[in-house]
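Read the structure below first, then the notes.
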Amino acid sequence: MAGMKFRTHLVLLVAGALLPVLGLSTALLWREGEEARRAALETLSHQAQALGATVDREIAGTVRALESAALAIAPTETASPEALRPRLEAMLARNPRWNNILLAGPDGRFALNTLTPPGETLPIASPAARIAEAAMGRTSISDPFIGHLVQAPLVSVAVPLPAAPGWALVAAIRTHSFETLIEEALPSGTLAGLIGANGRFVAHSSTPQGDRTAAPAPRALADFAGTAAPGEVLLTATQRVTGERVIAVARRLQVAPWTVTVAAPEAALHEQAGDSLRRLAALGAAALLLALLAALLTGRQLGRRVHALARAAEAAGRGQMVRVPAGVAEVDRVAAALAEAASTVRAREEEARRTGEERVRHAIEARTRDELRRLNAGLEARVREEVAAREAAQRRAAHAERMQALGQLAGGIAHDFNNVLQAVQGGASLIERRPDDPDGVRRLARMVLEATGRGVTVTRRLLSFARRDELRAEPVDAGSLLAGLCEVLTHTLGDGVRCLAEAPSDLPALLADKGQLETVLVNLATNARDAMPEGGTLRFKATWEAVTRDTPHPLGLAPGGYVRIAVSDTGTGMDAATLARVSEPFFTTKPEGRGTGLGLSMARGFAEQSGGAMAVESAPGHGTTVTLWLPEADIPSPVSSTQPEAVAPSHARPGRRVLLVDDNDVVRLTMSAQLEAAGFQTACAADAAQALSLMEAGEAVDVLVTDLSMPGASGLALIHEAQARRPGLPAILLTGYAGDGAALAVGGAISGAFSLIRKPVSGPHLAERVEALIAARGAISQAGN
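Just so you know, my numbering puts 1152 at position 609 of the sequence shown, and the rest follows in order with no gaps.
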């Protein structure tokens, strides 16, 4: 098919673009204007109809409510109208759009008005009264008027009392309530209003609520409102009070003698037509511009065809083919010849190129496969190394955390062991010296057995802490565990920290690895101690909690029973930023070298691996509470062995008075018996406060023997206070380990006769030291004299 020439292409393109635009613009100009005007008028008519229906429903509802109330009023009740006030006020409360309710009599006087108090004389003549008179024989709806009492525009609805001729029940309604109806029935910004038969607005969308004037309507609308029949419609152009020209649709209501009107600015309708004209003008201009651009584009494309022919001629000699756009006959013939020539050259070169490309492709693929294989092997090796290194680091960090817990417990365990050895050594020594006292031997034997049982407990706890294996869940008695742990921690955490354990007697056993649980609790206790540099209270509290399917747990616990262990302190607390990161591995607020940052992360991991959860609550100045939820065991925990019965101490022999102070009952009783066996009289106290109370009460004391580490005040502090009350009082300080307190005493912080003895100490050795101190004090007194 022969192609067209340049000129033919351009002429047809421009003509095809301009002629449809001219015809289309002429047709759309007329159609757009008519459609816009018709749609606007139909919208006004529908809005007027909808507003009229809404107002008619409101008035009809008011009439029905009044008629129902009028039927309920007996003729005898008109004799005492005030008796009707509660009923009418209740009716007024159910109809919030009403302003007040009135009862009018045959004489034209209001017998009752809910706005006026009982007994007040009501006026005879008022607009509402005239409405009431007109309503004596039929239902009547008034035009707007200004209320006498409220001085605001009102309308009234009056119905006769069927049982009392001449009487009428009247409801006064503020006109601004109809403004609310207009806002609810029509879109925001719509010009609309209600016009009474007297030609005044009952309500208008442009009138602020509370306006006290019933403004006159435009003349055309006022005349229509006074003469139109129910349901009649008027379309008119009129002018608002502001001078703005509007197109209005008016419709006479069916129930009330009012007319609804909805209007739109005339300029807005013309503006719609103007918009149509502008759109059409823009469309025509755009079409013309597109036609010109198309012509220019076509000319450019033809020029490109010529340039493409030149490039094709040059490339044909190299066997290359340059595509020349088709569509022009002259250009198409030349392009076909050049394409044939280029094809012949290309066919000769294609075979040689194909062979070379195949060889190169195979070589590249082989090299790529080898390179990828080598990279994958190296990447896998690096990943294995990194994973192994991270796992090793985590194992070392976890072991370091356990070692830190063991280190925290070492001092307290040493103190407990020394107490055990003290009781065993003292009891055995006394047994050896009393072969003829069976009762005393049995009593001392029971004390030794009790001490050895405590040593077994401490040993078992130490071994459980030292274990390094996987979690082995077993039933654990949380109450016994916390009580024993608190006993160990009493000496570990320091003198200023008070340790308390709380658990109900019927608490079920929990299911967890006991050794790991103890490690977690010791780490939490250590953190609490560090948060209370000035001392405070550490509390372990165990309770039972049930999680049901109906109330999911915030931490996602599965339904079932759990033992909840709360570890709380009275320390400094944490702010929100620290609390958000407190469970992150290796995050710590302690100085470098004081913590691994794994305590809380390991605690969370232990709780979750055991089937439970962990939560941390804290605030600055309010301490910290760490709560562990651990699942309830299906079987009960092992029952603790029965403790041996206590044996009453033997009578002391007369002699020197020794005040013996130790918080451990067994150690205190054993040493008291040893001293009494050596001929001393003893007075015993469980702590420093009790010892000072005995001294203040006048207790005779020749030597003070006290333990170093005790809850509350330490033995060192007790010696200071005792020597302050009784200067020169000899004192013996007993300790299971040499800490800062013992070093201070040895350094001369205590004045007077003083001796430091490490536990365990035998009875004879202790008695010898007491005698030596008493003798030394006597020698000093004689030298002074």
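Note that the Cβ used here is the ideal one computed from N, Cα and C, for glycine as well. All of these numbers come straight from a predicted model, not from anything done at the bench.
Continuous alpha helix (DSSP H) stretch holding residue i: start and end
i: Arg1124; result: Ala1119 to Arg1124
i: Ile725; result: His719 to Ala728
i: Phe1149; result: Gly1142 to Gln1152
i: His1263; result: Gly1258 to Arg1268
i: Val1332; result: There is simply no residue 1332 to check, as the chain begins at 544 and stops at 1328 in what is shown.
i: Val1209; result: Asp1208 to Ala1220
i: Arg637; result: Arg628 to Arg637
i: Gly769; result: Arg762 to Thr770
Rounded Cβ spacing between residue i and residue j (contact assumed at less than 8 Å)
i: Leu645; j: Val713; result: 4 Å
i: Leu1299; j: Leu1276; result: 5 Å
i: Ala765; j: Thr779; result: Not a contact, Cβ separation roughly 12 Å.
i: Leu1247; j: Ala1265; result: 5 Å
i: Ala728; j: Thr597; result: 4 Å
i: Val700; j: Leu796; result: Going by Cβ atoms, the distance from Val700 to Leu796 rounds to 13 Å, so no, they are not a contact pair.
i: Leu1122; j: Ala1150; result: With 8 Å as the limit, Leu1122 and Ala1150 do not qualify as a contact, their Cβ atoms being about 17 Å apart.
i: Asn961; j: Pro1303; result: 6 Å
i: Gln782; j: Pro761; result: 6 Å
i: Arg1092; j: Pro1102; result: 5 Å
i: Thr802; j: Phe767; result: 6 Å
i: Ser972; j: Gln1217; result: 7 Å
Euclidean distance between Cα positions of residue i and residue j
i: Leu833; j: Arg847; result: 20 Å
i: Leu1143; j: Asn1070; result: 9 Å
i: Ala740; j: Arg600; result: 19 Å
i: Pro563; j: Ser748; result: 47 Å
i: Gly1291; j: Leu1028; result: Bear in mind that a pLDDT of 43 at Gly1291, under 50, signals an unreliable position, so the number given afterwards is only what the model happens to contain. Their backbone Cα atoms lie some 35 Å apart in a straight line.
i: Leu614; j: Glu620; result: 12 Å
i: Thr605; j: Leu724; result: 14 Å
i: Gly786; j: Pro808; result: 11 Å
i: Arg1301; j: Gly1279; result: 6 Å
i: Pro1254; j: Glu929; result: 49 Å
i: Arg489; j: Ala906; result: Given a span of 544 to 1328 for the chain in the structure shown, any question on residue 489 remains unanswerable.
i: Asp1177; j: Lys1084; result: 21 Å
i: Arg1334; j: Ala1044; result: This structure does not reach residue 1334, given that the chain is present from 544 up to 1328, and the question cannot be answered.
i: Glu577; j: Gly769; result: 33 Å
i: Leu826; j: Ala579; result: 18 Å
i: Arg986; j: Leu1053; result: 37 Å
i: Ala1226; j: Val1313; result: 14 Å
i: Ala994; j: Gly1148; result: 37 Å
i: Ala1318; j: Arg1199; result: 12 Å
i: Val1063; j: Asp1056; result: 11 Å
i: Ala1162; j: Asp1118; result: 6 Å
First through last residue of the beta strand (DSSP E) which encompasses residue i
i: Ala791; result: Arg788 to Arg795
i: Val702; result: Pro696 to Pro703
i: Asp1112; result: Gly1103 to Asp1112
i: Gly736; result: Leu734 to Ile738
i: Ser1236; result: Run containing Ser1236: none in the beta strand (DSSP E); it sits in the alpha helix (DSSP H), Ala1231 to Glu1239.
i: Asn541; result: Not covered by the structure: residue 541. The range shown for the chain is 544 to 1328.
i: Ala615; result: No beta strand (DSSP E) holds Ala615; DSSP gives it neither H nor E.
Other residues of its chain near residue i: CB distance less than 6 Å, five sequence neighbours each side excluded
i: Asp1250; result: Asp1205, Gly1258 and Leu1277
i: Pro1273; result: Val1246, Ala1296, Leu1316 and Arg1320
i: Thr804; result: Gly736, Leu764, Ala791 and Ala793
i: Ser1126; result: Leu1143, Ser1144 and Arg1147
Own chain residues within Cβ distance below 7 Å of residue i, not counting five before or after
i: Gly1166; result: Ser1111, Asp1112, Thr1113, Gly1114 and Gly1116
i: Gly1078; result: Gly1039 and Val1040
i: His589; result: none
i: Ala1046; result: Ala1021, Gly1022, Leu1025 and Ala1085
i: Gly742; result: Pro759, Ala760, Ala765, Ala768 and Gly769
Contacts around residue i, its chain only, beta-carbon distance under 8 Å, and the 5 residues preceding and following it disregarded
i: Ser1048; result: Gly1022
i: Ala1234; result: Leu1202, Val1204, Ala1228, Leu1247, Thr1249, Leu1261 and Ala1265
i: Leu635; result: Trp641, Asn643, Ile644 and Thr657
i: Arg976; result: Ala1220
Residue i at chain B interface by Cβ criterion, 8 Å
i: Asp1245; result: Of the protein chains in this structure there is only one, and it is not chain B.
Between the segment 1201-1211 and the segment 962-978, do at least 3 Cβ pairs fall closer than 8 Å? yes
Pairing CB atoms from the segment 760-774 with CB atoms from the segment 691-709, are three or more of them under 8 Å? no
The segment 1097-1115 touching the segment 1155-1164, judged by at least three CB pairs closer than 8 Å: yes
Looking at C-beta atoms only, is the number of pairs between the segment 616-636 and the segment 657-666 that lie closer than 8 Å three or more? yes
Take every Cβ of the segment 1030-1050, pair it with every Cβ of the segment 1065-1079, and state whether three or more of those distances are shorter than 8 Å. yes
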